[in-house]
Every structure is written in C-alpha cells, then in structure tokens.
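Asker:
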Amino acid sequence: MQKWIVLLMAAWLVAMTGTAQADMVLNKVVIDFPGDKVPRDDIKIQNTGDETLFVLVEPFQILNPGTKQQKREKIRDPGKAGLLVTPNRFVLQAKQTKIMRLVVLRPAEEKDRIYRLTVRPVVGDVKAEQTAVKIVIGYDVLVVVRPPGSKGDLQSKRDGKKLTFTNPGQTSVLLSNGKNCNAKGEDCIELPPKRMYVGTEWSTELKHDTPAQYYVLVRDQILRKEF
10 MQKWIVLLMA AWLVAMTGTA QADMVLNKVV IDFPGDKVPR DDIKIQNTGD
60 ETLFVLVEPF QILNPGTKQQ KREKIRDPGK AGLLVTPNRF VLQAKQTKIM
110 RLVVLRPAEE KDRIYRLTVR PVVGDVKAEQ TAVKIVIGYD VLVVVRPPGS
160 KGDLQSKRDG KKLTFTNPGQ TSVLLSNGKN CNAKGEDCIE LPPKRMYVGT
210 EWSTELKHDT PAQYYVLVRD QILRKEF
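If you read the sequence shown in this note's numbering, its first letter stands for residue 10, the second for the next number, and so on.
1. Please name the residue in Leu-200, Leu-114 and Ile-54 whose C-alpha comes closest to that of His-217.
2. Are the CB atoms of Leu-35 and Tyr-148 nearer to each other than 8 Å?
3. Under the assumption that Val-38 contacts Leu-183 (Cβ atoms under 8 Å), give the Cβ distance between them as a whole number of angstroms.
4. In three-state DSSP terms, what is Ala-103?
5. From Asp-51, Cys-190 and Lys-83, pick the residue whose C-alpha is nearest to that of Ala-221; which is it?
6. Nearest-angstrom Cα distance between Ile-198 and Met-205?
7. Where does Gly-88 fall in DSSP's three states?
8. On the criterion of 16 or more Cβ atoms from any shown chain inside 10 Å, does Gly-58 qualify as buried, or is it exposed?
9. Between Lys-80, Val-113 and Pro-96, which has its C-alpha nearest Ala-90's C-alpha?
10. Do you know how far the Cα of Lys-104 is from the Cα of Ala-137?
11. Under 8 Å between the Cβ atoms of Gln-179 and Lys-120?
12. Which runs of the beta strand (DSSP E), 3 residues or longer, sit entirely within the stretch 28 to 92?
13. Over what stretch of residues does the beta strand (DSSP E) that includes Pro-130 continue unbroken?
14. Is DSSP giving Tyr-206 helix, strand or coil here?
15. On a Cα-Cα basis, can you pick out the residue from Arg-122, Pro-202 and Arg-233 that is closest to Glu-82?
16. Under the assumption that Val-153 contacts Ser-181 (Cβ atoms under 8 Å), give the Cβ distance between them as a whole number of angstroms.
17. In whole angstroms, give me the CA-to-CA distance for Phe-174 and Pro-156.
18. Would you mind giving the Cβ-Cβ distance between Leu-92 and Pro-68, rounded to the nearest angstrom? I have them listed as a contact below 8 Å.
19. Would you kindly work out how many angstroms separate the C-alpha atoms of Leu-62 and Ile-52, rounded to a whole number?
20. State the DSSP-derived secondary structure class of Ile-146, mapped to helix, strand or coil.
21. Taking C-alpha atoms, which residue in Pro-202, Asn-97 and Gln-230 lies nearest to Gly-158?
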C-alpha cells in the first residue's frame, strides 16, 4: 500500500511541474582551420526563445588530445595559446542573432592544435505559478588548427575481427558512416565514428571477416575506404 502511495505522489509531482526552456542555437559546432587559408571564422549564435540570454564563452586548449594524458587547459592568454575568441560574454535578446569570431593568432607548426569552446547561456529566474524546471542547453565547440600543407596518415591493421587504427601523421582524421557487412553485402552493422588525433590508437570490433568500410575525412577531402 505504501508503495502505491509513493508512486501516486511522484506522478502528482511530475504533473505539477512546468518546464521553461531557453533555446540557444549555433550554426556550427566544429571549426576547422586548414592552416593555409584565412585564419579566422565566425559562429552565428541565435536565441530562438522568448527570454533574454546572458551567454558565456570559455575557451580551452586540449593538450595531448585523444590520449590518456589529455588535459583541458583554460585559455587565459590568447597570444600564448594561439587562439582569440571574441566576444566571450554578451547579451542575446529574444529572437536575436549575434556573431562570435575566432582568430588564429599563430599557425600550428608540427601538428594540430586542438581547442574546445564551452558556450553556455545563463538565464534569469523562472516566473510561474507552479513548480517549474528551466532547461538550458550549452555547447562544446571543437576547434582544429592544422599545420600548413598537412596531410592525413591514417594506418590500420586487422587481427581477426578486430580493426585497429593509428595516426602517426601531423593532422587529425575523422572516421564516419562505418559499416561491416557479410560477403553478400547483407547483415550489415554500423561501426562507431571516431576522430583520430595525432599520435593516437583506436580499435573496434567487427561482426564479419569481410572488410570494413568508412568515410575518411581529412581537411576538406572525403574518401570512401575499405580496411
């Protein structure tokens, strides 16, 4: 009897809870600087909701990305870190769109430099006659700064149904839309996507002994490959 009372009380609380959502939308969450093109790019940030948003942007440099030694270091000196993000805080009125600019202050040299930008809204109090929950959505933007003229050097090896990739090159490689089918091209399974940073290794298990297929993206070049 007590169990049913608890369940009924929980259902009543859910029914009495309203939800207010603050909507912030970015037109892109991955910025790729090839190294031999204009060292700046913009992100459009739009408030699609009905209330004012106070937006904070926190830039971080990712050291040793994709490894066990990966470290997220907050950027306090843009000149030293090599990336300027402006503005890093601003007010976004309802239905308003603003531009956030990213500028590479110094080029990458031997290998990629990787950054993450935490873009999050800070909203005011919820005004409601009943209990309310406010949902805010933040973004973690990936920024890749590549050395000039860098090329992908993705390598792979098979050990039965285990497929292992390594990247001994200068720049990151993105694996996407992977699949592994039987010899008849049937009974296919989807393979997980993976961004292979420089100096990293990653393995995935296949279902069949047949080759795996992946789209391999390096800079603006996309290739369909079998491994």
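Using N, Cα and C, we set each Cβ at its ideal position, and we do this for glycine too.
In this text the structure is predicted, and so the values were computed from the model without any measurement.
Answerer: Quick answer:
1. Leu-200
2. For Leu-35 and Tyr-148, yes; Cβs fall inside 8 Å.
3. Actually they do not touch by this definition, with Cβ atoms about 14 Å apart.
4. coil
5. Cys-190
6. 21 Å
7. In this structure, DSSP gives Gly-88 a helical state, which the three-state scheme calls helix.
8. buried
9. Val-113
10. In this prediction, Ala-137 scores a pLDDT of 49, lower than 50, which makes its location untrustworthy; the coordinate-derived value is nonetheless stated afterwards. The alpha-carbon atoms of Ala-137 and Lys-104 are separated by roughly 21 Å.
11. yes
12. Counting whole runs of 3 or more residues, the stretch 28 to 92 contains the beta strand (DSSP E) stretches 33 to 35, 39 to 42, 49 to 56, 62 to 72 and 80 to 83.
13. Pro-130 -> beta strand (DSSP E) spans 122 to 131.
14. coil
15. Arg-122
16. 6 Å
17. 22 Å
18. 6 Å
19. 17 Å
20. coil
21. The shortest Cα separation from Gly-158 among Pro-202, Asn-97 and Gln-230 belongs to Gln-230.
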